[in-house]
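Only one structure is covered here, and it is reproduced in the block below.
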Amino acid sequence: MRLGAAVLASVLLMTVDHRLNHLENLRAYLSVIVYPIQLLVDLPNSGSHWVSETLTARRVLIDENAELRQDLLLQQARLQKLSALEAENARLRELLESSLKVSDRVLISEILAVDLDPYRHQVMINKGTNDGVFPGQPVLDATGVMGQVSHVGPASSSVILITDPSHAIPVQVNRTGLRTIAVGTGSSDRLELPHLPNNADIQVGDLLISSGLGGRFPPDYPVARVIQARSDPGRPFAAVIAQPTAQLDRSRELLLVWSETPDSPPVRETDGLDEDIPPEAGEDTELTEQ
Amino acid sequence: MKASRWTAFWVISSSFCAAMVLTVIPLPDTLRALRPEWVALVLIYWCLAVPQRVGIGSAWVAGLLTDALTGTLLGQHALGFAVLAYVILKLHRRVRLFPLPQQIPVVLVLLTIYQLLNLWILGISGAAPSHGLAWLQPVIGALLWPIVFLALRAGRRRFKLR
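Chain order of the listed sequences is D and W. In terms of my numbering, the first sequence opens at residue 1 and continues consecutively. In terms of my numbering, the second sequence opens at residue 1001 and continues consecutively.
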């Protein structure tokens, strides 16, 4: 009797959770309950970071500081050029009467050292609705697209990686502009491009960038690099395998992106990456996105 | 002397919390698929030892929390744990009398049933694992059963739970 009720309840829950998205609230409440456990598990990791940060010698810090300063200088030099290019791009686009692509705003978050379900590629991050994170938000690391936010709690959220077998991302071959879809395979260093015809122009080494179609991921971020492209005339489609450029299993810091849709109010000051944007700015974008 | 309701609640829920910590503690990628289902082991112990306190209801709640913790479909662990609790409640009078080595095969069977349900649900929702390592997981869980049993029995005797 009780078993029947429990089984029925679970089956109902699973169906609703799988097919519809009405359970986000319930999941958010439950995630509050289990968040202490996740923090506790992450504690040795973040603790060792803290200890190594506090105990580093002054000398090492000075060296690191100098190095970072140098890096910053280099990046700023590049940025100067970039802003000129951006202005030029805007002018050209105005000539073509197409909408201007505005730069995206980002927020840095950290992965909690927590293992989730081994059969899904997900990670837990330490930002949630309190910081304006919303479901479906794209997540990047320094070298490429990592995935998107799948569930949000108040202080934490889970991110589904692009290599999860149930994940697909619209991409474009950077060299030729060919559009296709990259599907996760379940192994952390392979993406599949299952729908390319045999005569498609694609080579080993081609960079795949996000195409921005579908409206979920911002366009022009690197996604993967083709490592195998075989066309067998006996098969309907070419077998193309790509390797994600993002370090899916190594990054600790990742970037949450609020991409500006063209119909949102134009941003006057576009100075590239705004770190630590106020949460209400994120919520604004959330409303326009949905 | 019998422990109060509250002590029992705290002892049992803290053991479940410890199991959940073990469930999400980071492991190398190769070992992740082999991680035993700690929460299921703890659940089996409490259902065997104090079936009047831990039953299908508590199993279901523990499963739901595990679902939220590991990011699976809500209800996936809950269903497995509820079925697990039901089977143990049917068997507990017999299994309790078994010596510890003899309990291992029983636990193996229970964990295999649980894993089967789990894989069915994963398969239906389109995330079936591509390798057979998943079937090794119940074996490892069963081999770890004596440790779980002895640790939890020590805890239970200390707090005089009955």
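Beta carbons are placed, not taken as given, at the ideal position from N, Cα and C, and that holds for glycine.
Let me make sure I understand the geometry here. Which of the options has the alpha-carbon closest to that of residue i?
i	options	result
Glu-1037 (chain W)	W:His-1092, W:Val-1024, W:Asp-1029 and W:Leu-1161	W:Val-1024
Asn-295 (chain D)	D:Pro-170, D:Leu-208 and D:Arg-230	Past the edges of chain D, shown from 1 to 290, lies residue 295 (chain D), and the structure says nothing about it.
Arg-235 (chain D)	D:Asp-17, D:Ser-210, D:Ile-227 and D:His-195	D:His-195
Asp-115 (chain D)	W:Ile-1044, W:Ser-1014, W:Thr-1007 and W:Leu-1031	W:Leu-1031
Gly-1141 (chain W)	W:Arg-1053, W:Val-1042 and W:Ser-1015	W:Val-1042
Val-1021 (chain W)	D:Leu-68, D:Ala-57, D:Gln-247 and D:Pro-36	D:Pro-36
Val-223 (chain D)	D:Ser-211, D:Met-14 and D:Ala-155	D:Ser-211
Val-1087 (chain W)	W:Leu-1074, W:Tyr-1045, W:Leu-1065 and W:Pro-1101	W:Tyr-1045
Pro-154 (chain D)	D:Gln-243, D:Leu-254, D:Met-124 and D:Trp-50	D:Met-124
Leu-1117 (chain W)	W:Val-1139, W:Val-1054, W:Ala-1062 and W:Ala-1078	W:Ala-1078
Leu-1073 (chain W)	D:Ser-251, D:Met-14, D:Gly-4 and D:His-121	D:Met-14
Ser-1014 (chain W)	D:Leu-23, D:Val-34 and D:Leu-12	D:Val-34
Gln-122 (chain D)	D:Asn-130, D:Leu-3, D:Pro-165 and D:Arg-69	D:Pro-165
Pro-244 (chain D)	D:Ala-168, D:Ala-77 and D:Gly-144	D:Gly-144
Asn-130 (chain D)	D:Ala-246, D:Arg-250 and D:Ala-28	D:Ala-28
Ala-142 (chain D)	D:Arg-250, D:His-22 and D:Leu-3	D:Arg-250
Leu-1089 (chain W)	D:Ala-246, D:Arg-2, D:Ser-259 and D:Leu-191	D:Arg-2
Ala-292 (chain D)	W:Trp-1145, W:Pro-1138, W:Ala-1062 and W:Val-1139	No information on residue 292 (chain D) is available, as it lies outside the stretch 1 to 290 that chain D covers here.
Val-989 (chain W)	W:Ala-1151, W:His-1092, W:Ala-1059 and W:Trp-1120	No answer is possible for residue 989 (chain W): the residues shown for chain W start at 1001 and end at 1162.
Ala-1068 (chain W)	D:Ile-111, D:Glu-64, D:Phe-134 and D:Leu-30	D:Leu-30
Val-1148 (chain W)	W:Val-1107, W:Gln-1052 and W:Leu-1119	W:Val-1107
Ile-1056 (chain W)	D:Arg-105, D:Ser-10, D:Ala-84 and D:Ile-160	D:Ser-10
Gln-228 (chain D)	D:Val-204, D:Gln-247, D:Leu-248 and D:Ala-246	D:Val-204
Under 8 Å between the Cβ atoms of residue i and residue j?
i	j	result
Ala-1040 (chain W)	Phe-1098 (chain W)	no
Leu-107 (chain D)	Lys-127 (chain D)	yes
Gln-137 (chain D)	Val-257 (chain D)	yes
Ile-162 (chain D)	Gly-184 (chain D)	yes
Gln-1103 (chain W)	Val-1109 (chain W)	no
Arg-216 (chain D)	Gln-148 (chain D)	yes
Phe-1159 (chain W)	Thr-1066 (chain W)	no
Gln-38 (chain D)	Ser-156 (chain D)	yes
Val-240 (chain D)	Ile-202 (chain D)	yes
Asp-17 (chain D)	Gly-1126 (chain W)	no
Val-1054 (chain W)	Gly-1155 (chain W)	no
Ala-1018 (chain W)	Cys-1047 (chain W)	no
Leu-1034 (chain W)	Leu-1122 (chain W)	no
Ser-109 (chain D)	Leu-254 (chain D)	yes
Gln-220 (chain D)	Arg-175 (chain D)	Gln is not the amino acid found at residue 220 (chain D); the sequence shown has Asp there. No. Outside cutoff.
Val-1050 (chain W)	Leu-1161 (chain W)	yes
Ala-200 (chain D)	Ala-238 (chain D)	yes
Thr-1070 (chain W)	Asp-117 (chain D)	yes
Ala-113 (chain D)	Leu-193 (chain D)	no
Met-146 (chain D)	Val-159 (chain D)	yes
Leu-213 (chain D)	Arg-179 (chain D)	yes
Pro-1138 (chain W)	Leu-1111 (chain W)	yes
Leu-248 (chain D)	Ser-188 (chain D)	yes
Glu-24 (chain D)	Pro-135 (chain D)	yes
Starting from residue i, find everything on chain W with Cβ-Cβ shorter than 8 Å and list it in chain order.
i	result
Val-7 (chain D)	Leu-1079, Ala-1082 and Val-1083
Ala-113 (chain D)	Pro-1026
Val-226 (chain D)	What Val-226 (chain D) touches in chain W: nothing, since even the nearest Cβ is about 22 Å away.
Val-34 (chain D)	Met-1020, Leu-1065, Ala-1068 and Leu-1069
Ser-210 (chain D)	Those do not exist, as Ser-210 (chain D) stays about 23 Å from chain W at its closest Cβ, beyond 8 Å.
Along chain D, which residues have their Cβ under 8 Å away from the Cβ of residue i?
i	result
Gly-1071 (chain W)	Leu-116, Asp-117, Arg-120, Gln-122, Met-124, Ser-150, His-151 and Ser-158
Gly-1075 (chain W)	Ala-9, Ser-10, Val-11, Leu-12, Leu-13, Met-14 and Asp-17
Val-1021 (chain W)	Ile-37, Leu-40 and Val-41
Arg-1032 (chain W)	Asp-115 and Pro-118
Who are residue i's beta bridge partners in DSSP?
i	result
His-18 (chain D)	Answer is none; His-18 (chain D) lacks a bridge partner.
Thr-180 (chain D)	D:Val-171
Glu-192 (chain D)	D:Val-183 and D:Ile-241
Asp-141 (chain D)	D:Gly-144
Ile-1056 (chain W)	Ile-1056 (chain W) is not bridged to any residue.
Leu-256 (chain D)	D:Leu-107 and D:Val-139
Ala-224 (chain D)	D:Leu-208 and D:Pro-244
Ala-1085 (chain W)	Answer by DSSP bridge pairing: none, since Ala-1085 (chain W) is not bridged.
Ile-160 (chain D)	D:Gln-122 and D:Gln-148
Arg-230 (chain D)	D:Ala-239
Along chain D, which residues have their Cβ under 7 Å away from the Cβ of residue i?
i	result
Tyr-1086 (chain W)	Leu-3
In chain W, which residues lie with their C-beta within 7 Å of the C-beta of residue i?
i	result
Asp-220 (chain D)	Here the premise fails: no neighbours, minimum Cβ distance about 29 Å.
Arg-27 (chain D)	Ala-1068 and Leu-1074
If the cut is a Cβ gap below 9 Å, which residues of chain W does residue i touch?
i	result
Leu-30 (chain D)	Leu-1064, Leu-1065, Asp-1067, Ala-1068, Leu-1069 and Leu-1074
State yes or no: is the C-beta of residue i nearer than 7 Å to some heavy atom of the ligand MN?
i	result
Ser-166 (chain D)	No copy of the ligand MN appears in this structure; indeed no ligand is present at all.
Name the residues in the region 1036 to 1065 of chain W whose C-beta lies less than 9 Å from a C-beta of chain D; which are they? For the region 1036 to 1065 of chain W, the residues whose beta carbon sits under 9 Å from a beta carbon of chain D are, in order, Gly-1055, Ile-1056, Gly-1057, Ala-1059, Trp-1060, Gly-1063, Leu-1064 and Leu-1065.
Quick one: which residues of the region 36 to 51 of chain D get their C-beta closer than 8 Å to a C-beta of chain W? List them in chain order. Ile-37, Gln-38, Leu-40, Val-41 and Asn-45
Of all the residues that make up the region 10 to 22 of chain D, which are near chain W by a beta-carbon distance shorter than 9 Å? Ser-10, Val-11, Leu-12, Leu-13, Met-14, Thr-15, Val-16, Asp-17 and His-18
Scan the region 224 to 255 of chain D for residues whose Cβ lies nearer than 8 Å to a Cβ of chain W and list them as they occur along the chain. Asp-249
Could you please tell me which residues of the region 1096 to 1125 of chain W, in chain order, have their CB closer than 8 Å to any CB of chain D? Ile-1121, Leu-1122 and Ser-1125
Please name the residues in the region 164 to 192 of chain D whose beta-carbon is closer than 9 Å to at least one beta-carbon of chain W, in chain order. Result list: Asp-164, Pro-165, Ser-166, Thr-185, Gly-186, Ser-187 and Ser-188.
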